[in-house]
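Positions 63 to 377 (our numbering) are the ones given, in order, by the sequence shown.
Glycine included, C-beta positions come from ideal geometry on N, C-alpha and C.
Data first, discussion second: the structure below is written as structure tokens.
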Amino acid sequence: MAHTRNGKRNHRRNSGRTGGRSRGRAPRRASVRRSLRREAPSIVALLAGERDFAAMRGPRGLPCEDHTEYLRQMDGVLRSLLSQGLFVTVTLFDPEEYAEYCADTGRDPDTPASRARYTADITANGPGVPYSGQPVRQLISQLDHETDRQAAWDRASDVLTAAEDHTDSGRDLARLAFERASRALVGLIETAGTGIHHVVCSVQLDDAPLLAVLTTERTASGRIHCAEADALVFCTVLAAAAVSGSSAGIVIRTTVADGRDEVRGWSVRDGWPRPLTEAEVFNAYCTDAETGEPVPPEPGVTYRAGLPLRPSPHD
63 MAHTRNGKRN
73 HRRNSGRTGG
83 RSRGRAPRRA
93 SVRRSLRREA
103 PSIVALLAGE
113 RDFAAMRGPR
123 GLPCEDHTEY
133 LRQMDGVLRS
143 LLSQGLFVTV
153 TLFDPEEYAE
163 YCADTGRDPD
173 TPASRARYTA
183 DITANGPGVP
193 YSGQPVRQLI
203 SQLDHETDRQ
213 AAWDRASDVL
223 TAAEDHTDSG
233 RDLARLAFER
243 ASRALVGLIE
253 TAGTGIHHVV
263 CSVQLDDAPL
273 LAVLTTERTA
283 SGRIHCAEAD
293 ALVFCTVLAA
303 AAVSGSSAGI
313 VIRTTVADGR
323 DEVRGWSVRD
333 GWPRPLTEAE
343 VFNAYCTDAE
353 TGEPVPPEPG
363 VTYRAGLPLR
373 PSPHD
């Protein structure tokens, strides 16, 4: 009997240890999977505008009734992903591009699987913004900026590439134009002085205006801070104006100490900014670009003449 009881106790003890090891493996496997999942980035494609949402709302099976509700729900989805420690990138979902993608691949456009595959195959290569908990409306603004920057970069790069291909010295011409544009940008910011400056370069290409936008700060010590990607696009657009011979202009808008904004302007000739007069800056800002009709001055804005830059080394 004693032997039997000891055997039962040993059996229960061994069974408990075996069961403990079995139960312990499952939580460990789940923990490993969670750790590995955090190393797999997530891409979320967003229907940023109401028109895009409406185009996908019909038969596409989206569960939200309106765009506001959709954005609220997507905000929750993004926050949930972020709370899991995942790296999340947000891109734009383009309904027209999606329809073409489904037609080309033979996929059913009305299924979540097709939308997910489109996001993985197409939008991952387009403009994207890392998600760090910012409000969804701010995300949309950042995506719009990223999209505009990418478009400006592509068009300006095409102009420089065309210049390289059509002349024997085209490569040197494009390189020198970019170097000159870089010096011009630094000169503009130094001339604008201390503060935060919103700089816009507009080039009148044949098909449509080409814009580059840059926000930069010059500290009291003279240091210049700006997004490197924005500066690269700005210089590429300015270089494209030089090699194409297109007319171009630059405007700098600065918020001064009393909270008012000052606007200064330059025309661009041979890739180098030439200061406009105060009247020319006023006329440029207070004239409708499409109709040529005058428009009222913007409240709280003072129009100033552009300031001369140090001469370009090529002048």
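May I ask which residues mark the beginning and end of the beta strand (DSSP E) holding residue i?
i, result
"L154", "V150 to L154"
"A310", "A310 to T317"
"R326", "D323 to R331"
"P337", "W334 to P337"
"P271", "P271 to R280"
"P189", "Neither: P189 is in no beta strand (DSSP E) and is coded neither H nor E."
"A107", "S104 to L108"
"C40", "Nothing can be reported for residue 40: it is not among the residues displayed for the chain, which extend from 63 to 377."
Determine the contact status of residue i and residue j, defining contact as a CB-CB distance below 7 Å.
i, j, result
"T281", "H259", "no"
"T185", "L371", "no"
"L154", "S104", "no"
"S308", "V265", "yes"
"A274", "V248", "no"
"A310", "A301", "no"
Exposed or buried, residue i, counting other C-beta atoms within 10 Å across all chains shown (16 or more means buried)?
i, result
"G255", "exposed"
"D166", "exposed"
"D172", "exposed"
"S145", "exposed"
"R326", "buried"
"L98", "Unreliable placement is indicated for L98, whose pLDDT of 49 sits below 50; no coordinate value is reported for it."
"R211", "buried"
"V318", "exposed"
"K70", "Residue placement at K70 cannot be trusted, given a pLDDT of 44 that sits under 50; the coordinates are not used to answer."
"D156", "buried"
"R113", "exposed"
"G333", "buried"
"P316", "One detail in the question is off: residue 316 reads as Thr in this sequence, not Pro. Per the 10 Å Cβ criterion, buried."
"P271", "exposed"
"T298", "buried"
"P335", "buried"
"R67", "Reliability of the predicted coordinates at R67 is poor, the pLDDT of 42 falling under 50, and no value is obtained from them."
"A378", "There is no way to answer for residue 378, as the model of the chain reaches only from 63 to 377."
Here's a check: name, in chain order, each residue in its chain whose Cβ is nearer than 8 Å to the Cβ of residue i, leaving out the five neighbours to either side.
i, result
"L235", "A225, E226, T229 and V305"
"T349", "E355, P356 and V357"
"D137", "P197 and V198"
"V106", "M136, V139, L140, L143, V150, T151, V152, T153, T181 and Y193"
"R322", "G362, V363 and T364"
"E208", "P189, G190 and V191"
Kindly indicate the opening and closing residues of the alpha helix (DSSP H) around residue i.
i, result
"T130", "H129 to S145"
"E360", "Per DSSP, E360 belongs to no alpha helix (DSSP H) and is neither H nor E."
"T298", "E290 to S306"
"P157", "P157 to T167"
"A116", "E112 to R119"
"A341", "E340 to Y347"
Less than 6 Å between C-beta atoms, sequence neighbours within five positions excluded: which residues of the same chain meet that for residue i?
i, result
"L267", "S308"
"E360", "none"
Leaving aside the five residues before and after residue i along the sequence, list all residues of the same chain whose C-beta is less than 7 Å from its C-beta, in chain order.
i, result
"Y365", "V325, E340, V343, F344 and Y347"
"E159", "I184"
Between residue i and chain B, is any beta-carbon pair separated by less than 7 Å?
i, result
"Y160", "Among the chains in the structure shown there is no chain B, since it carries only a single protein chain."
- Any chance the stretch 328–348 sits against the stretch 209–225, with 3 or more Cβ pairs inside 8 Å? no
- Query: Is the stretch 190–198 touching the stretch 281–291, taking contact as three or more C-beta pairs under 8 Å?
  - Reply: no
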